[in-house]
Amino acid sequence: MGQIGSAGERRLQSEYGTGDRAAKFYSDQMLDHLNPTMIEFVGRQEIAFIATADASGECDNSLRAGTPGFMHVIDSKTLAYPEYRGNGVMASLGNILENPHVGIILVDFVQDLIGLHVNGSARIVDDEVLRSEIADLPVDHSGGRIPERWVVVDVEEAYIHCRKHIPRMAPVPRHREWGTDDVKRKGGDYFDAKATPRHDSDGQVVEEPAPAELTQVIAPGFSVAPAGTSGN
Numbered sequence: 006m007g008q009i010g011s012a013g014e015r016r017l018q019s020e021y022g023t024g025d026r027a028a029k030f031y032s033d034q035m036l037d038h039l040n041p042t043m044i045e046f047v048g049r050q051e052i053a054f055i056a057t058a059d060a061s062g063e064c065d066n067s068l069r070a071g072t073p074g075f076m077h078v079i080d081s082k083t084l085a086y087p088e089y090r091g092n093g094v095m096a097s098l099g100n101i102l103e104n105p106h107v108g109i110i111l112v113d114f115v116q117d118l119i120g121l122h123v124n125g126s127a128r129i130v131d132d133e134v135l136r137s138e139i140a141d142l143p144v145d146h147s148g149g150r151i152p153e154r155w156v157v158v159d160v161e162e163a164y165i166h167c168r169k170h171i172p173r174m175a176p177v178p179r180h181r182e183w184g185t186d187d188v189k190r191k192g193g194d195y196f197d198a199k200a201t202p203r204h205d206s207d208g209q210v211v212e213e214p215a216p217a218e219l220t221q222v223i224a225p226g227f228s229v230a231p232a233g234t235s236g237n
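Quick note on this note's numbering: the sequence shown kicks off at 6 and runs consecutively.
Laid out in structure tokens, this is it:
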């Protein structure tokens, strides 16, 4: 590896006197690839948090989930995760198109209470293209749905997230229908965004909230948008 850590990290390490501790972490815990233990860890995780930013640095963080193995390790320097049909916004993929840098964190909340950071450079590959190149690419990890495309990440940094503040969670039996356009199962307008007025920079209302009768309440905190609107 070349010099580890950003200029900002090193500036603050010097200012706050943490350089020795940081150097030990870099040398003991940070790799430029996934070692066998990391590969095994990735293979049994069901959720991942994906951080991206556009060309101007505007950030986004998104959740990806699936059955164990949905985050597929191609080799020690490369992993890939699937992208299915979603809300059509393409927030993460749009950022990657402008700025390939991504930060991924996977956390084991159940067994070992530990996390793994994977930072790298990403590219978007259509499913049929990647499937023709990677023989063991998972065929089905979401109830019969086929990914539209994959995000392939060239690993640049891989390192531990310590367990100090990771809460323990107990898994519960559940049946998951991975991927749906059903508004109720997706959570509806949980945060009541549709009925919230929009304001301009001067605080003036620029968009009136939707009439209450257009929102069908299905459970406390959940709602169904009327036909013809898009969900998340």
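All C-beta atoms in this analysis are idealised placements derived from N, C-alpha and C, irrespective of residue type, glycine included.
Every value quoted in this text rests on a predicted model; they were computed, and no experiment measured them.
### Task
Give me the Cβ distance between residue 101 and residue 160, rounded to the nearest whole Å; I'm assuming they're in contact under 8 Å.
Taking the sequence shown and counting its residues from 1, one reaches residue 101 at position 96. Taking the sequence shown and counting its residues from 1, one reaches residue 160 at position 155. Not quite, the Cβ-Cβ distance comes to about 15 Å (not below 8 Å), so this is no contact.
### Message
Report the CB separation of residue 66 from residue 55 in whole angstroms; it is logged as a contact under 8 Å.
### Response
What you label residue 66 is simply residue 61 of the sequence shown in a count that begins at 1. What you label residue 55 is simply residue 50 of the sequence shown in a count that begins at 1. Yes, residue 66 and residue 55 are in contact; Cβ-Cβ is about 7 Å, under 8 Å.
### Query
Looking at the unbroken alpha helix (DSSP H) that takes in residue 200, where does it start and where does it end?
Taking the sequence shown and counting its residues from 1, the one referred to as residue 200 is at position 195. Run containing residue 200: none; DSSP gives neither H nor E here.
### Task
Identify which residue in 168, 106, 36 has its Cα closest to the Cα of residue 82.
Along the sequence shown, one-based indexing puts residue 82 at 77. Measuring from the Cα of residue 82, the nearest candidate turns out to be 36.
### Query
Are there 16 or more other CB atoms within 10 angstroms of the CB of residue 205, so buried, or fewer, so exposed?
The residue you call residue 205 lines up with position 200 of the sequence shown. Classification of residue 205: exposed, given that the 10 Å Cβ count is below 16.
#### Entry: Where the alpha helix (DSSP H) through residue 100 begins and ends
The residue given as residue 100 occupies position 95 in the sequence shown. From DSSP, the alpha helix (DSSP H) with residue 100 extends over 96-103.
### Query
Taking C-beta to C-beta, are residue 158 and residue 86 nearer than 9 Å?
Along the sequence shown, one-based indexing puts residue 158 at 153. Along the sequence shown, one-based indexing puts residue 86 at 81. Yes, these two residues count as a Cβ contact at 9 Å.
### Task
Please say whether residue 79 and residue 2 have beta carbons closer to each other than 9 Å?
There is simply no residue 2 to check, as the chain begins at 6 and stops at 237 in what is shown.
### Message
Rounded to whole angstroms, what is the Cα-Cα separation between residue 210 and residue 201?
### Response
By 1-based counting over the sequence shown, the position of residue 210 is 205. By 1-based counting over the sequence shown, the position of residue 201 is 196. Whole-angstrom Cα-Cα distance: 10 Å.
### Query
How about the region 113-121 and the region 130-141: do they share at least three Cβ pairs that are nearer than 8 Å?
no
#### Entry: Every unbroken alpha helix (DSSP H) inside the region 47-94 [4 residues or more]
none
### Message
So, for residue 4: in the same chain, excluding its five sequence neighbours on each side, which residues have a beta-carbon less than 7 Å away from its beta-carbon?
### Response
This structure cannot speak to residue 4, because the chain is shown only from 6 to 237.
#### Entry: Rounded straight-line distance, which links the Cα of residue 207 to that of residue 77
For the purposes of this step, residue 77 is identified with residue 72 of the sequence shown, where counting begins at 1. For the purposes of this step, residue 207 is identified with residue 202 of the sequence shown, where counting begins at 1. Cα to Cα, the separation comes out at about 47 Å.
### Task
Rounded to whole angstroms, what's the CA-CA distance from residue 33 to residue 197? Just pull it up for me.
Along the sequence shown, read from residue 1 onward, the residue named residue 33 stands at position 28. Along the sequence shown, read from residue 1 onward, the residue named residue 197 stands at position 192. Spanning the two alpha carbons is a distance of roughly 47 Å.
#### Entry: Inter-residue CB distance, residue 59 and residue 104 (contact presumed, cutoff 8 Å)
Locating residue 59 in the sequence shown gives position 54, counting from the first residue. Locating residue 104 in the sequence shown gives position 99, counting from the first residue. That belief holds up - the Cβ atoms of residue 59 and residue 104 are roughly 6 Å apart, short of 8 Å.
### Query
Which value, in whole angstroms, describes the spacing of the CA atoms of residue 48 and residue 61?
Taking the first residue of the sequence shown as position 1, residue 48 is located at position 43. Taking the first residue of the sequence shown as position 1, residue 61 is located at position 56. Distance between the alpha carbons of residue 48 and residue 61 is about 33 Å.
### Query
What residues match up with residue 127 in a beta bridge as DSSP calls it?
Walking along the sequence shown from the start, residue 127 turns up at place 122. 158.
### Message
On the criterion of 16 or more Cβ atoms from any shown chain inside 10 Å, does residue 25 qualify as buried, or is it exposed?
### Response
Taking the first residue of the sequence shown as position 1, residue 25 is located at position 20. Result: exposed.
### Task
Out of 176, 98, 19, state which residue places its alpha-carbon closest to the alpha-carbon of residue 127.
One-based indexing of the sequence shown puts residue 127 at position 122. Among 176, 98, 19, the Cα nearest to that of residue 127 belongs to 98.
### Task
Answer yes or no: do residue 43 and residue 163 have a C-beta to C-beta separation smaller than 9 Å?
As a position in the sequence shown, residue 43 is number 38, starting the count at 1. As a position in the sequence shown, residue 163 is number 158, starting the count at 1. Contact: yes.
### Message
When you compare the CB positions of residue 108 and residue 57, do they come within less than 9 Å of one another, or not?
### Response
As a position in the sequence shown, residue 108 is number 103, starting the count at 1. As a position in the sequence shown, residue 57 is number 52, starting the count at 1. For residue 108 and residue 57, yes; Cβs fall inside 9 Å.
### Query
With C-beta atoms as the reference, is residue 74 less than 9 Å away from residue 143?
As a working mapping, residue 74 is identified with position 69 in the sequence shown. As a working mapping, residue 143 is identified with position 138 in the sequence shown. Closer than 9 Å, so yes.
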